[in-house]
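**Student:** First the structure, then my questions, so here it is.
Numbering (this note's numbering), first residue to last: -11 to 146.
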């Protein structure tokens, strides 16, 4: 596996973003994650966006973090929010997501962030399992989906 820092609007990132949005739509019966994201949100030192390529140089996973601070959506000063964690179906079960998560945490910590946060949903039990087994704990809801019953938010001190 090859882990590469890329802009959020890199062609391979856009391709995988379309795939994850399709999976969200299938799981939740809607149009996917409508959180507004801008490529600048993931530029250092305010964030990071990673692509993972397999041995055939095909993109198989993504993950990023972006800076958040106290605001009306329930974030706290020092937060780093995980966005677009995704592994294609064919590459799941090989520990790729756990490696991406560790790299995101290390990068956010190095950038001075003090807490990693994320929002997921009840229709993504694999994601919830990954985060809980990686030391994340349920926290007060935040973000665009904070009023949605299927939304679940997690946090981990960095």
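Glycine included, C-beta positions come from ideal geometry on N, C-alpha and C.
On a predicted model such as this, the values are computed, not experimentally measured, just so you know.
Determine contact between the region 73 to 91 and the region 14 to 26, defined as no fewer than three beta-carbon pairs at a distance below 8 Å.
**Tutor:** With the cut-off at 8 Å, the region 73 to 91 and the region 14 to 26 do not touch.
**Student:** For residue 16 and residue 109, what's the separation of their Cα atoms in angstroms?
**Tutor:** Position 28 of the chain shown holds residue 16. Position 121 of the chain shown holds residue 109. Residue 16 and residue 109: Cα-Cα distance of roughly 9 Å.
**Student:** What first and last residue would you give for the beta strand (DSSP E) that runs through residue 139?
**Tutor:** Position 151 of the chain shown holds residue 139. Per DSSP, residue 139 belongs to the beta strand (DSSP E) from 139 to 145.
**Student:** Grab the span of the alpha helix (DSSP H) containing residue 3 for me, first residue to last.
**Tutor:** Walking along the chain shown from the start, residue 3 turns up at place 15. Element bounds for residue 3: -1 to 16.
**Student:** Using a Cβ distance threshold of 8 Å, determine whether the region 29 to 36 contacts the region 54 to 70, with at least three qualifying pairs required.
**Tutor:** Judged by Cβ distances under 8 Å, the region 29 to 36 makes contact with the region 54 to 70, as three or more pairs qualify.
**Student:** Helix, strand or coil: how does DSSP classify residue 22 here?
**Tutor:** Start at 1 with the first residue of the chain shown, and residue 22 comes out as number 34. Coil, per DSSP.
**Student:** Bridge partners of residue 52, per DSSP?
**Tutor:** The residue given as residue 52 occupies position 64 in the chain shown. DSSP, once it has assigned bridges, lists 37 and 71 as partnering residue 52.
**Student:** Can you check which of these residues, 40, 88, 77 and 9, is closest to residue 70 by C-alpha distance?
**Tutor:** Sequence index remark: in the chain shown, residue 70 carries index 82 (1-based). Considering only alpha carbons, the answer is 88.
**Student:** Measure the beta-carbon distance from residue 115 to residue 62 and round it to whole angstroms, keeping in mind my assumption that it falls under 8 Å.
**Tutor:** Walking along the chain shown from the start, residue 115 turns up at place 127. Walking along the chain shown from the start, residue 62 turns up at place 74. Going by Cβ atoms, the distance from residue 115 to residue 62 rounds to 20 Å, so no, they are not a contact pair.
**Student:** With which residues is residue 103 paired in a DSSP beta bridge?
**Tutor:** Looking up residue 103 in the chain shown gives position 115. BP columns for residue 103 point to 67 and 145.
**Student:** On the premise that residue 104 lies in contact with residue 146, defined as a C-beta separation below 8 Å, what is that separation, rounded to the nearest angstrom?
**Tutor:** Translated into the one-based positions of the chain shown, residue 146 becomes position 158. Translated into the one-based positions of the chain shown, residue 104 becomes position 116. Confirmed, Cβ separation roughly 6 Å.
**Student:** Go ahead and pull the three-state DSSP assignment for residue 126.
**Tutor:** Position 138 of the chain shown holds residue 126. Strand, per DSSP.
**Student:** When DSSP labels each residue in this structure, what does residue 120 get in the three-state scheme?
**Tutor:** As a working note, residue 120 is residue 132 in the chain shown. DSSP places residue 120 in helix when its eight states are reduced to three.
**Student:** So, helix, strand or coil for residue -9, using DSSP?
**Tutor:** Numbered from its first residue, the chain shown carries residue -9 at position 3. Looking at residue -9 - three-state DSSP - the assignment turns out to be strand.
**Student:** Output needed for residue 72: all residues of its chain with C-beta closer than 6 Å, excluding positions within five of it in sequence on either side, in chain order.
**Tutor:** Position 84 of the chain shown holds residue 72. The residues are 50 and 52.
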